[in-house]
Amino acid sequence: MEYAKTLVPLSVMRSVSSVGMSLKRKLLPARQPRPVRVCTHTRCRRRAVMATSLDELLEKAANSLLVLCQFLTLVLEEDGTVVDTEAFFQSLPANTQLMVLEKGQIWTQSKGLSNFRQPERSGIAKLSFDLYKLNLRDFIGCLTIRATFYEIYTLSYDIKCMGAIHILKCLLRCWTQVARVVGHALLCGSSYTLQYIGEDEY
30 MEYAKTLVPL
40 SVMRSVSSVG
50 MSLKRKLLPA
60 RQPRPVRVCT
70 HTRCRRRAVM
80 ATSLDELLEK
90 AANSLLVLCQ
100 FLTLVLEEDG
110 TVVDTEAFFQ
120 SLPANTQLMV
130 LEKGQIWTQS
140 KGLSNFRQPE
150 RSGIAKLSFD
160 LYKLNLRDFI
170 GCLTIRATFY
180 EIYTLSYDIK
190 CMGAIHILKC
200 LLRCWTQVAR
210 VVGHALLCGS
220 SYTLQYIGED
230 EY
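The sequence shown begins at 30 in my numbering and counts up one residue at a time.
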């Protein structure tokens, strides 16, 4: 090695090392800070911090959440996966939700997520009737018929009923039409009956 140093001039070695350092700086750019959301064990305090490394994130999370910086553990809030390596932290997407655990604390699932259950599907179709009024003077109101198939497809039909006075007028009109038809039928029937009886008398 000493023999190689004597053969290569010192200025050439310095220029090669400076070129190597400049290439390394160009190939490895500085890490940009990323937004991360952190919360406490009870999820009552939440903060958003910017950090370029895992150590910086731990320090900023402790300062913003007002917890002791010693013996802190970072886990994913959704499933409790421990974030303990720099490579894993760098692989996380921006705005990842993390939980800061102090010594003796363990990750617990959120109550909102534990109580969430996918609704069970029962039956093929579901039929519902909804009776409501658009106006206080309405006699019957409006009726909505809704049919749901497999809890995915929904069909509905709205029947808007009219006021009491309008319904009464419609009923009277129908009654007069029926009375007119019945009266006309009685007149025709009686005239035919009289003609039949009159022919027998002669």
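By construction, the Cβ of each residue, glycine as well, lies at the ideal position given by its N, Cα and C atoms.
(1) Between Q61 and A123, what straight-line distance do the alpha-carbon atoms span, to the nearest angstrom?
(2) Just to check, is the beta-carbon of V104 closer than 7 Å to a non-hydrogen atom of the ligand ADP?
(3) So, with DSSP's three-state summary, where would you put K140?
(4) Judging by CA-CA distance, which residue of S93, F118 and L97 is the nearest neighbour of L105?
(5) Considering Cα atoms alone, identify which of L130, V65, T110 and C217 is closest to R72.
(6) Rounded to whole angstroms, what's the CA-CA distance from W204 to Y182? Just pull it up for me.
(7) Identify whether L86 lies in helix, strand or coil by the three-state DSSP scheme.
(8) Let me know if L197 comes out buried or exposed under the rule of 16 or more other beta-carbons within 10 Å of its beta-carbon.
(9) Tell me which same chain residues have a C-beta within less than 8 Å of the C-beta of I188, skipping the five on either side of it?
(10) What residue range is occupied by the uninterrupted beta strand (DSSP E) comprising Q126?
(11) Consult DSSP for L184 and reduce its assignment to one of helix, strand or coil.
(12) According to DSSP, is L52 helix, strand or coil?
(13) Which one of L121, R63 and F100 has the shortest CA to CA distance from G133?
(14) Could you spell out where the alpha helix (DSSP H) holding F118 opens and where it closes?
(15) What are the residues that DSSP puts in a beta bridge with D159?
(16) L105 bridges to which residues according to DSSP?
(17) What is the DSSP secondary structure of R63, counted as helix, strand or coil?
(18) Just mark I208 as buried or exposed, buried being the case when its beta carbon has 16 or more other beta carbons within 10 Å.
(19) Could you compute how far the alpha carbon of L86 sits from the alpha carbon of I135?
(20) DSSP beta-bridge partners for V78?
Taking the structure as given:
(1) 11 Å
(2) The ligand ADP is not among the ligands present in this structure, which contains no ligands whatsoever.
(3) helix
(4) Residue F118 is the option with its Cα nearest to L105.
(5) L130
(6) 42 Å
(7) helix
(8) exposed
(9) C171, L172, T173 and I174
(10) T125 to L130
(11) Here L184 sits in strand by DSSP.
(12) Because the pLDDT at L52 is just 48, under 50, the model does not fix this residue reliably, and the point stays unresolved.
(13) F100
(14) E115 to S120
(15) T173
(16) L127
(17) strand
(18) Correcting the residue identity first, residue 208 is Ala in this sequence and not Ile. Exposed: under 16 other Cβ atoms inside 10 Å.
(19) 19 Å
(20) V65
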